[in-house]
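Residues 5 to 196 in my numbering are what the sequence shown spells out, letter by letter.
Each remark here refers to the structure printed beneath this line.
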Amino acid sequence: MPFNAINPRIPENEVDSMFFDRWSPRSFLTEPLPPYHLKSLFEAARWAPSCFNEQPWTFYYASAQKSREEFLTALFEKNRLWAQKAPLLIFLVANKQFSSTGKPNRHAQFDCGAAWVSLALQARKLGYYAHAMAGFSQKKVIEILNLDPDSHEAMAAIVVGRLGNPDDLAQDFKQMEAPNQRKPTAEVAIGR
Ligand SMILES: Cc1cc2nc3c(=O)[nH]c(=O)nc-3n(C[C@H](O)[C@H](O)[C@H](O)COP(=O)(O)O)c2cc1C
Numbered sequence: 005m006p007f008n009a010i011n012p013r014i015p016e017n018e019v020d021s022m023f024f025d026r027w028s029p030r031s032f033l034t035e036p037l038p039p040y041h042l043k044s045l046f047e048a049a050r051w052a053p054s055c056f057n058e059q060p061w062t063f064y065y066a067s068a069q070k071s072r073e074e075f076l077t078a079l080f081e082k083n084r085l086w087a088q089k090a091p092l093l094i095f096l097v098a099n100k101q102f103s104s105t106g107k108p109n110r111h112a113q114f115d116c117g118a119a120w121v122s123l124a125l126q127a128r129k130l131g132y133y134a135h136a137m138a139g140f141s142q143k144k145v146i147e148i149l150n151l152d153p154d155s156h157e158a159m160a161a162i163v164v165g166r167l168g169n170p171d172d173l174a175q176d177f178k179q180m181e182a183p184n185q186r187k188p189t190a191e192v193a194i195g196r
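This is how it looks when you write it as structure tokens:
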């Protein structure tokens, strides 16, 4: 796909373009996000719905060089290769226990997913792209953040930044650098 080309996704049904304008590139510019954009991303995530309004998410973020380098050590090599250019690296951590009772919160992961999408959509509103990753060491993240693994689980690593030039990517990543498609609506929404 050419640099900054128009998104080739064609929706099947009437829907706001924000839903198909979001995709997960691997080419990022290094340009840092100003603090007010950082705040705006987390503000969007803050308003996500959650079971009992528990808000079981915490976004640990690294934008400073030193903390980014430390966070990057937890990514699997395949992700680190392209993600290291992005100016913002986040670990989204779920608190797996309800704060009031200490009982397991079976919906914490679901709620973190809602918060991640809110952040990703807000990123597009601000002209950025967000890319979530599961390819990281859970153990390493828990160590870096000094968390209790019994009550906390890193759900995703996320990078955010402006879209870069795909020509700067290694060949195998460059080939994948395009918005992908989806299953038909009829396959995922079934009326009974
Ligand atoms: C929880 C989660 C984990 C993911 N893990 C990775 C990953 O480790 N590496 C990667 O390059 N992309 C990863 N992705 C990106 C997905 O491959 C991508 O979201 C999916 O193919 C849909 O494409 P789109 O986001 O461009 O619409 C992940 C996405 C999610 C939501």
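Note that the Cβ used here is the ideal one computed from N, Cα and C, for glycine as well.
The structure presented is a predicted model; accordingly, all values stated were derived computationally and were not measured.
Positions of the alpha helix (DSSP H) runs, each at least 4 residues long and wholly inside the stretch 55-93, are given as 69-76 and 81-87 in order along the chain. Here residue 48 is not near residue 63, since their CB atoms are 8 Å or more apart. Here residue 29 is buried, its C-beta having at least 16 other C-beta atoms within 10 Å. Sorting 17, 27, 19 and 23 by C-alpha distance to the C-alpha of residue 181 places 27 at the top. As for any alpha helix (DSSP H) of minimum length 4 sitting wholly inside the stretch 105-156, the runs are 112-129 and 142-149, ordered along the chain. Note on residue 115: 16 or more other CB atoms within 10 angstroms of its CB, so buried under the neighbour-count rule. At a Cβ-Cβ threshold of 8 Å, residue 54 and residue 100 do not count as neighbours.
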